[in-house]
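Encoded as C-alpha cells, the structure appears first; notes follow it.
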Amino acid sequence: MNQYVIFYDAERAELFESDIKALLPVESCEFVAYDGQRLDDYQPDSPVLFWLSDDALYQLLPLASKQGWTIGFIPHPEMNRIHRSFSIPKNPAEAVEDILSVEAPVSADLMYCNHHLVLNSVMLGNPDMMKPAALVDESVWCKLKNLLLLVFSLKKMCLLPYKMVTAKETVVNTAALGISVVYRPSASEFTKRVVGETEQDEATLNAVILAPRSMSEVLHFLLTKVLPKRVVSKGVLAGYLGHIKTESISLSGSGQLDFSIDGQYFNAEKVDVVVEPDALQILSSHLPEKISHKDLKESVRVARLPKGEAVKALANRPFPLIHHADQEEIKEVFLTLRENAQASESYKVLMVLATLLATVGLFANSAPVIIGAMILAPLMAPIISLSMGVLRQNVDLVTESAKTLGVGILLALFFGTLLTVITPLSSVNHEISARLSPTLLDLGVAIISGIAAAYANARSEVAKSLAGVAIAVALVPPLAVSSIGIGWWDWPVFWGAFLLFMTNLAGIVLAAAATFLVLGFSPFQLAKKGLLLSLAFVAMVSIPLVFAFSSLVQEQQVASALKDFQMEGIVLKDVKIRSGEPMLVSAKLVSDHSLRDAQIEAVKREIETRLGTEIQLEAITAVVK
14 MNQYVIFYDA ERAELFESDI KALLPVESCE FVAYDGQRLD DYQPDSPVLF WLSDDALYQL
74 LPLASKQGWT IGFIPHPEMN RIHRSFSIPK NPAEAVEDIL SVEAPVSADL MYCNHHLVLN
134 SVMLGNPDMM KPAALVDESV WCKLKNLLLL VFSLKKMCLL PYKMVTAKET VVNTAALGIS
194 VVYRPSASEF TKRVVGETEQ DEATLNAVIL APRSMSEVLH FLLTKVLPKR VVSKGVLAGY
254 LGHIKTESIS LSGSGQLDFS IDGQYFNAEK VDVVVEPDAL QILSSHLPEK ISHKDLKESV
314 RVARLPKGEA VKALANRPFP LIHHADQEEI KEVFLTLREN AQASESYKVL MVLATLLATV
374 GLFANSAPVI IGAMILAPLM APIISLSMGV LRQNVDLVTE SAKTLGVGIL LALFFGTLLT
434 VITPLSSVNH EISARLSPTL LDLGVAIISG IAAAYANARS EVAKSLAGVA IAVALVPPLA
494 VSSIGIGWWD WPVFWGAFLL FMTNLAGIVL AAAATFLVLG FSPFQLAKKG LLLSLAFVAM
554 VSIPLVFAFS SLVQEQQVAS ALKDFQMEGI VLKDVKIRSG EPMLVSAKLV SDHSLRDAQI
614 EAVKREIETR LGTEIQLEAI TAVVK
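Numbering (this note's numbering), first residue to last: 14 to 638.
Here it is as C-alpha cells:
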C-alpha cells in the first residue's frame with residue numbers, strides 16, 4: 014500500500030522530476046500527472062499531496078472536501094492563493110518535511126460564493142475603488158497608477174444600496190461604495206488593515222463595508238488605509254467603515270450585482286457567501302488554531318454606516334466634497350444644541366468662576382491663568398446654538414440661546430466690575446492692552462474658530478477639540494477687560510475690549526452658520542436670510558477693525574523703515590508707533606555721549622525724511638560707555 018498519492022502538474026513534469034520528486038519518499042508514493050481530468054470516482058486510500066496551481070486546486074478542493082480526502086500542499090510556482098490561505102511554507106523541502114512529520118491532520122474551513130470556491134476574497138461595488146483597496150500590498154508605483162485612475166473616475170462613483178442578511182437573520186440595509194468578504198482578515202491586506210489580524214481561525218467570514226459619504230472621506234480612506242506601507246489596526250472603525258463577522262451572508266441590491274471572486278468577475282441578482290466548517294483535513298502544523306464551532310459569536314458593527322432615509326439620499330448620487338448630515342444626525346445635533354442653549358445653574362456658576370479667574374489673571378499679567386479661564390468658560394455653547402437657530406430660522410432656539418448668552422455677558426460684567434472695584438490696581442499692563450485694539454486678524458481668528466466649533470459639534474468624534482477652539486477664540490478675557498474698564502470708569506478700555514468680544518461673537522456666529530449650511534444642516538433657501546443678517550452684523554463690526562488693521566499695517570511699515578537706523582553714532586532702539594495727527598514715534602536713542610537738543614531735533618528731521626510725513630518724537634536717551 015502506498016503511503017501518499019502525489020498529484021503533480023502534468024505541464025511542469027520536468028520541473029517536478031528535477032526539483033520536487035527527490036524530496037518525497039518515492040518508494041511509498043503513487044504519482045498522478047494531473048492535467049484537468051475528472052476524478053469524481055477516485056477514492057484514494059492514502060493522503061493526497063498536491064503540487065498544482067491555484068487554477069487546478071479550484072477544481073480539486075471541493076472534490077477533496079466532498080469525498081473526505083486527507084490532503085497536503087507542496088508549493089508550486091503558480092500556487093499563490095492556496096499558499097496564503099493555508100499558510101504553506103515557501104520552501105518545498107520545508108513543506109514536505111512538515112507534511113511527513115504531522116501525525117494527524119487538522120481540519121480547515123472553506124468559503125463559497127454562489128457555489129464557487131473562494132480562496133481569497135469576494136468583492137462587490139465599484140471596481141475602480143476596490144481595486145486600489147485590493148492592491149494595498151503591491152508596489153508604490155502600482156498603487157499610484159491605480160490611484161490616478163481612481164481620481165479620474167471619482168466623479169462617476171456613487172454609493173449603491175445593499176441589503177445584507179447574516180446567518181442569525183440580522184438584516185442590514187445600507188449604501189456602500191464597496192464590500193470585501195474574506196474568510197481570514199489576513200487573507201487580504203485591505204481587510205487586515207481595517208479589522209486587524211486574528212491569532213485563531215473561526216468558521217466565519219468577515220465582511221468589510223466601505224461607505225464614504227464624501228470625497229473627503231474617500232481621500233481619508235486612501236491616505237490612511239491604502240497608501241501607507243504599514244498600517245496597524247487599533248480595533249476602532251472609521252465612520253465610513255463597517256465590519257460583519259458571521260457564518261454566512263446574503264447580499265442583494267436594487268438590481269443585478271457586479272462582483273468578483275478572487276479577481277474573476279460575475280453578475281447575479283443575489284450573492285450568497287457561506288463558510289463550510291471543517292471541510293478539509295490537511296497535513297500541516299502551520300495553520301492557526303481553530304475555535305470550537307459552538308463558541309462562535311456573530312458580530313455586526315455597522316452603527317455609523319448610512320441607514321434609513323440616508324440610504325435614499327446617498328445612493329446613486331455623486332459624492333459631495335464633504336459629508337452632508339442626514340436627518341438622524343440633524344435631529345441628534347439639534348437636540349444637543351437646544352440643550353446647550355439653556356441657562357443652567359452649572360452654566361452660570363462656570364461663567365462667574367471663569368470671569369473671576371480671567372480678571373485675576375489680567376491683573377496678575379499671567380497668560381497661563383487667562384488660558385485656564387478660557388477653557389473653563391461655557392460661552393461657546395450658546396453661541397453655536399445661536400448660529401444654528403439663525404441658520405434654520407428657529408425663533409425658539411435663537412431666543413433661548415440669546416437669552417443665555419445675555420445672562421452670561423451680564424454675569425461677567427457684574428462680577429468682573431465688582432472684583433475690579435475692590436482691587437487696588439489701576440494700571441494697564443501687557444495682557445490688558447493686548448485686548449484693546451482688535452483688528453481684522455482677530456475677526457479671522459473668530460471665523461476659523463467658528464468653523465472648527467461648528468464642525469466639532471456636528472462630528473462627535475472631534476468634539477475633544479473644543480477646548481482648543483475655546484483657547485483660540487478667547488471669549489471671556491475681553492469681557493473681563495470690559496468689566497475692568499467699567500470698574501476704572503475708563504471708556505477706551507471698555508470699548509476696545511467689548512469691540513473684541515463683539516468681533517469674536519459675530520465671526521463665530523457667521524462662520525458656524527455657514528459651516529452648518531455646508532454640512533447639510535439646512536437648505537440654502539431657509540438659511541439665506543439668517544446668513545445675510547449675520548453677514549451684515551459682521552460688516553458693521555468690521556468697520557472699526559478695518560481702520561485698526563490699517564493703522565497696524567502703517568505701524569509695521571514705519572517700524573520696518575526705521576529698522577537699523579543710525580545717524581552720527583546715534584542708534585534707534587525699541588521703536589513704537591501710535592497713530593494720530595501727527596504720528597507719535599517713541600524710541601530710545603542710544604549713543605556713547607549725552608545728546609543735545611539739536612542732535613535730537615536732527616534725528617527727528619531724519620526720521621521725517623525717511624517716512625515722508627511729519628511726526629512727534631518721544632525720545633529716551635541712553636548713554637553707553
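Just so it is clear, CB atoms sit at the ideal spot from N, CA and C, and this is done for glycine as well.
Candidates Gly419, Pro301 and Trp64: closest to Ala356 by CA position: Gly419
Same chain, Cβ closer than 8 angstroms to Arg314, five either side skipped, listed in chain order: Leu250, Gly255, His256 and Ile257
Cα-Cα separation between Leu130 and Val185, rounded to whole angstroms: Within the model, the alpha-carbon separation for Leu130 versus Val185 is close to 25 angstroms.
Inter-residue spacing [alpha-carbon to alpha-carbon] between Asn353 and Leu363: Each residue's alpha carbon lies about 14 angstroms from the other.
Residue ranges of each alpha helix (DSSP H) within the region 170-227, 4 or longer: 202-208
Asn280 - partner residues in DSSP beta bridges: Asp271
Reduced DSSP category for Gln567 - H, G, I as helix; E, B as strand; rest coil: helix
Pro536 and Ala510 closer than 8 angstroms at C-beta: The Cβ atoms of Pro536 and Ala510 lie no closer than 8 angstroms to each other.
Bounding residues of the alpha helix (DSSP H) (the contiguous stretch that carries Tyr55): First-last for Tyr55: undefined, no H or E at that position.
Three-state secondary structure (DSSP) of Thr368: helix
Run of the beta strand (DSSP E) containing Met92, from where it starts to where it stops: Taken as a continuous stretch (DSSP letters only), Met92 belongs to no beta strand (DSSP E), as it is neither H nor E.
Contact the region 205-224 vs the region 287-299: 3+ CB pairs below 8 angstroms: yes
Proximity of Ala561 and Ile460 at Cβ, strictly below 8 angstroms: no
Exposure of Pro225, with buried meaning 16 or more beta-carbon neighbours within 10 Å: Burial call: buried.
Any alpha helix (DSSP H) of 4 or more consecutive residues that is wholly inside the region 381-468: Listed in chain order, they are 393-405, 408-434 and 443-446.
Continuous alpha helix (DSSP H) stretch holding Asp630: start and end: According to the sequence provided, residue 630 is Leu. The question's Asp does not apply to it. Here Leu630 belongs to no alpha helix (DSSP H); instead the beta strand (DSSP E) covers Ile628 to Val636.
Neighbour-count burial assignment, Ser31, 16 or more Cβ in a 10 Å radius: exposed
8 angstroms Cβ cutoff met for Ala600 and Lys617: no
Neighbourhood of Tyr125 by C-beta, 6 angstroms cutoff - its chain only, sequence neighbours within 5 removed: So the list reads Val287, once near-sequence residues are dropped.
Classification of Pro505 by the beta-carbon crowding that lies within 10 angstroms, buried from 16 upward: Answer is exposed; the Cβ neighbour count stays below 16.
Identity of the residue in Leu350, Val194 and Glu568 nearest Ala466 by Cα: Leu350
7 angstroms Cβ shell around Val554 - same chain, five flanking residues per side excluded: Counting only residues of its own chain and dropping the five nearest sequence neighbours on each side, Val554 has a CB closer than 7 angstroms to the CB of Met515, Thr516 and Ala519.
Buried versus exposed, by CB contacts within 10 Å (16 or more), Arg623: exposed
At least three beta-carbon pairs within less than 8 angstroms, the region 539-556 to the region 414-430: no
Ile304 versus Leu123 - alpha carbon distance: 15 angstroms
Cut-off 7 angstroms between Cβ atoms - residues of its own chain near Ala316, not counting five sequence neighbours on either side: none
Buried or exposed (CB count within 10 angstroms, at least 16 for buried), Val636: exposed
C-alpha distance - Lys361 paired with Ile422, whole-angstrom precision: 10 angstroms
Reduced DSSP secondary structure (H/G/I, E/B, other) of Ala121: Three-state result, Ala121: strand.
For Pro331, the residue or residues it bridges with in DSSP: Cys171
Spatial distance of Ser312 from Ser263 (CA atoms): Within the model, the alpha-carbon separation for Ser312 versus Ser263 is close to 15 angstroms.
Per-residue burial, Tyr468 [other beta carbons within 10 Å of its own, 16 or more giving buried]: buried
Per-residue burial, Arg206 [other beta carbons within 10 Å of its own, 16 or more giving buried]: buried
is_contact[Asp58, chain C] using C-beta, thresh 8 angstroms: Given the protein chain composition of this structure (a single chain), no chain C is represented.
Closest Cα partner of Phe86 within the set Lys103, His233, Leu453 and Asn407: Minimum Cα distance to Phe86 is reached at Lys103.
Residue from Ala121, Val18 and Asn133 whose Cα sits closest to the Cα of Asp68: Asn133
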